[in-house]
Amino acid sequence: MGDVLWTPPADVLERTRIGDYLRWLREHRGLDFADYDALWRWSVTDLDAFWRSIWDHFEVVAHTPPTATLAERGMPGARWFPGATLNYAENVLRMPGRADDDPVVIAHGQTRAPVTLTAAELREQVRRVAAGLRRLGVTAGDRVAAYAPNIPETYVLLLATASLGAIFSSCAPEFGTRSVVDRWQQIEPTVLVAVDGYRYGDKPVDRRAEVAAIRAALPSLRHTVGIGYLDPTEAAPVDALGWADLAAPTDEPLAFTPVPFDHPLYVLYSSGTTGLPKPIVHGHGGILLEHLKMLALHHDLGPADRFFWFTTTGWMMWNFLVSGPAVGATIVLFDGNPAVRAEPGRPAEPDLGGLWRLAAETGTTYFGTSAPFLLACRKAGLVPREVADLSALRGVGSTGAPLPAEGFTWVYETVGDHLQLQSLSGGTDVCTGFVGGVPLLPVYAGEIACRALGAKVEARSADGTPVIGELGELVITEPMPSMPVGFWNDPDGTRYREAYFDVYPGVWRHGDWITINARGGCVITGRSDATLNRGGVRLGTAEFYSVVEGLDEVVDSVVVHLEDDEGGAGELLLFVVLAEGLELDDPMRAKISRELRTALSPRHVPDEIHQVRAVPRTLSAKKLEVPVKKILTGTPVDSAAAKGALVNPESLTAFATFAQRRAPNNTPA
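Here the sequence shown is numbered in my numbering, starting from 171 and rising by one per residue.
Structural data, given as structure tokens:
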């Protein structure tokens, strides 16, 4: 059992939003709960009453009311709030508790000077850009794509797109052409908004060639809009508009198209383990309700808060962050390299204190980041409270990878002993955390405090029975409104069912290993499938293979991610089969790394590349990433894979030999 590092104050119910909610339940529903566990059990048992209470308590703005809360409970296919029409952007731009001149977006970065938008300015920008999109012919159901970083323009574009009932999709500009095209060719956007480049630390990164290649690969595009971000004097690409044209003055009023509860809001993408990245469609209503619940009741955010999460537009945490104004919170955006200090006229120098100083400068009250970032700060010997005044900070969020006990202890010793640290886990698939923290519960070192309200998370043993205190498959046994509306271009739902419901019919299998203890605390110990998880971003093996095996010299390949038991970035190992007569040397390693960095992203560059004679494959020709990973972490070959199901069982021997050579570094799964 981990040490208790924080306990809720005696007056927690008087000073938190979940306390307000409990009082509301007592007054309006006649419900009284002894503790968080009792509240959680009700929330995952009486789904109708719980989710209707979220709708009513937060006074969701709807154009037509729902005829029911949950029309069909089965998964997949649960139908939430039938008959209701609403608009996500309208509910976000309501910004409860905020006056017109209150700052609601504070944006800092390494490419340009800070930008602040007040509530009135944000609404005005959305009004103009929505009118601009309408001039370009965008209507409900059209797709608008953003190749842009975590800057106000990207946020304005999301809200403007949503206000029209059109569908938004973003890729961070560090994504290479292949990664972007693999995603957007599937959804066929009609409008592309793209930056010319960006600055990462003191390094300018020109993306004009990538934008040109993306445009050429998307025949569906009718219009391109250029943002002069790296060079504000840069003209928009040929045959393109500038951002100022899109956001031109207009008399058109700010209007919101009413759409059904499950109308597509945006498309996020899975990592592409077994092919192209899966285009995950999220709906207006489900995302709104889920984010209202998490941001207010779990993170305790409201009009007095400034909410920061370090993220790019290629990670679902950006989508989570930018719902902040829906609960009245100001959002703090950052674009750049968090590990260097970059000042005009001076060479960049290593520095992990920048985000902490940003928190002080912006008055951030909730600081969200990844576990690897916190562990990197710890490893560097950084003491954040000595480099920045963090007195306003009352919450720290950590996600992207499990945070080990020493990471928790470091936060309380060096950031502040008064704040609540919330380690959370969820995913792109639900665009939220389904296990995390809550103001009502203490913080134990190395432990996620609870299962979130409305999230019926269980651990299942190999035979499918729920277990407590034992490692099991993370499953969700009741529907949540923010589960995907579906996958794009998957009319009969086949891909969607295969992704989550094939192993346990009617039960969502997430692909993580989890242990849930008797008090409801959770520990997640890594992926149970072959998805790679690097720095909080899930990467798919299929994306690797399409690039690596596109090289003439490479015949076959297999990639695995070995998690670090201390919660660090772990190791990404790539094994290649080369053409006859070739030997893997340093120039070839450099070439492979360069191709991955260019076509995909720096995160895809392996830590090590090794040559093998063959990649193990099943009789149906599928690569065996999971058995390879098991062998590399100490599992005997005979236990890791059923040899009778392999075309080439002898291929496993090389990985066993490799694992023995690395034995001192082995961390059995």
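Every residue gets a Cβ at the ideal spot worked out from N, C-alpha and C, and that includes glycine.
Problem set entry | Anticipated Cβ contact below 8 Å, residue 308 with residue 334, distance rounded | About 6 Å; that satisfies the 8 Å criterion.
Exercise. Can you tell me the Cα-Cα spacing of residue 653 and residue 188, whole angstroms?
Worked result: Computed Cα separation, rounded: 23 Å.
Problem set entry | Neighbourhood of residue 190 by C-beta distance below 7 Å, restricted to the same chain and skipping five residues each side | Apart from sequence neighbours up to five positions away, no residue of its chain approaches residue 190 with a beta-carbon distance below 7 Å.
Exercise. Which stretch, first to last residue, makes up the beta strand (DSSP E) that contains residue 381?
Worked result: First-last for residue 381: 378-387, but that is the alpha helix (DSSP H), not the beta strand (DSSP E).
For this session: Tell me where the alpha helix (DSSP H) around residue 531 begins and ends.
Result: Taken as a continuous stretch (DSSP letters only), the alpha helix (DSSP H) holding residue 531 covers 524-532.
Problem set entry | Coarse secondary structure for residue 807, derived from DSSP in three states | Correct three-state label for residue 807: helix.
Exercise. What's the call for residue 280, buried or exposed, on a 16-neighbour Cβ count within 10 Å?
Worked result: Its Cβ being crowded by 16 or more others within 10 Å, residue 280 is buried.
Exercise. Buried or exposed: residue 215, going by 16 or more other Cβ atoms within 10 Å of its Cβ?
Worked result: Taking all protein chains shown into account, residue 215 has fewer than 16 neighbouring C-beta atoms within 10 Å of its C-beta and is therefore exposed.
For this session: Figure out for me which residue from 726, 206 and 282 has the closest Cα to the Cα of residue 403.
Result: Selection 726, 206 and 282 evaluated against residue 403 yields 282 as nearest (Cα-Cα).
Exercise. Would you report the Cα separation of residue 562 and residue 534, rounded to the nearest angstrom?
Worked result: Rounded to the nearest whole angstrom, the C-alpha separation of residue 562 and residue 534 is 7 Å.
For this session: Measure the C-alpha to C-alpha separation of residue 769 and residue 347 and round it to an integer number of angstroms.
Result: Roughly 6 Å between the two C-alpha positions.
Exercise. Buried or exposed: residue 799, going by 16 or more other Cβ atoms within 10 Å of its Cβ?
Worked result: It is buried - the Cβ of residue 799 has at least 16 other Cβ atoms within 10 Å.
For this session: May I have a chain-ordered list of the beta strand (DSSP E) segments no shorter than 3 residues that lie completely inside the segment 635-661?
Result: Counting only runs of 3+ residues, the beta strand (DSSP E) found wholly inside the segment 635-661 occupies 641-646, in chain order.
For this session: Please name the residue or residues paired with residue 731 in a DSSP beta bridge.
Result: Per DSSP, 742.
For this session: Mark residue 261 as exposed unless 16 or more other C-beta atoms lie within 10 angstroms of its C-beta, in which case mark it buried.
Result: Here residue 261 is buried: its Cβ has 16 or more other Cβ atoms, across all protein chains shown, within 10 Å.
Exercise. Contact between the segment 616-636 and the segment 517-531: three or more CB pairs below 8 Å?
Worked result: By the C-beta criterion, the segment 616-636 is judged not to be in contact with the segment 517-531, since fewer than 3 inter-stretch pairs fall below 8 Å.
Problem set entry | Candidates 690, 601, 257 and 795, of which the one nearest residue 452 by Cα | Residue 601 is the option with its Cα nearest to residue 452.
For this session: Classify residue 601 as helix, strand or coil using the three-state DSSP reduction.
Result: Assigned with DSSP and collapsed to three states, residue 601 falls in coil, not helix or strand.
Exercise. Does DSSP put residue 840 in a helix, a strand or coil?
Worked result: It is not possible to answer for residue 840, since the shown part of the chain is limited to 171 through 839.
Exercise. Considering only C-alpha positions, which residue in the set 589, 338, 725 and 220 is nearest to residue 538?
Worked result: Ranking 589, 338, 725 and 220 by Cα distance to residue 538 puts 589 first.
Exercise. Cβ atoms of residue 325 and residue 343: under 8 Å apart, would you say?
Worked result: Cβ atoms of residue 343 and residue 325: not closer than 8 Å.
Exercise. Where does residue 704 land, buried or exposed, given buried means 16+ other C-beta within 10 angstroms?
Worked result: Buried is the call here.
For this session: Provide the residue span of the beta strand (DSSP E) that contains residue 344, from first to last.
Result: Here residue 344 belongs to no beta strand (DSSP E), and DSSP marks it neither H nor E.
Problem set entry | Euclidean distance between Cα positions of residue 680 and residue 541 | Using only the alpha carbons, I get a separation of about 20 Å.
Exercise. Does at least one heavy atom of the ligand MG sit under 7 Å from the Cβ of residue 637?
Worked result: This structure lacks the ligand MG, and indeed carries no ligand of any kind.
For this session: Say whether the segment 384-402 touches the segment 311-327, bearing in mind that this needs 3 or more beta-carbon pairs closer than 8 Å, one atom from each stretch.
Result: Yes, the segment 384-402 touches the segment 311-327.
Exercise. When you compare each of 459, 494, 831 and 576 to residue 472 by their alpha carbons, which one comes out closest?
Worked result: If you compare the alpha carbons of 459, 494, 831 and 576 with that of residue 472, the shortest gap goes to 494.
Exercise. Is it buried or exposed for residue 175, if we count other Cβ within 10 angstroms and need 16 for buried?
Worked result: Buried is the call here.
Exercise. From the DSSP output, which residues share a beta bridge with residue 692?
Worked result: Within the DSSP bridge table, the entry for residue 692 names 618 and 686 as partners.
For this session: Pick helix, strand or coil for residue 180, following the three-state DSSP scheme.
Result: In the three-state reduction of the DSSP assignment, residue 180 falls in the coil class.
Problem set entry | Beta-carbon gap between residue 745 and residue 780 smaller than 8 Å | Yes, these two residues count as a Cβ contact at 8 Å.
Problem set entry | Coil, strand or helix - residue 206 by DSSP | If DSSP states are grouped into helix, strand and coil, residue 206 belongs with the helices.
Exercise. Using a Cβ-Cβ cut-off of 6 Å (strictly less than) and excluding sequence neighbours within five positions of residue 604, which residues of its own chain qualify?
Worked result: Same-chain partners within the cutoff: 596, 622, 625 and 627.
Problem set entry | Contact under 8 Å by Cβ, residue 532 with residue 276 | Yes. Within cutoff.
Problem set entry | Every unbroken beta strand (DSSP E) inside the segment 474-515 [3 residues or more] | Counting whole runs of 3 or more residues, the segment 474-515 contains the beta strand (DSSP E) stretches 476-479 and 500-505.
Problem set entry | One or two residues paired with residue 797 in a DSSP bridge | Partner(s): none; residue 797 has no beta bridge.
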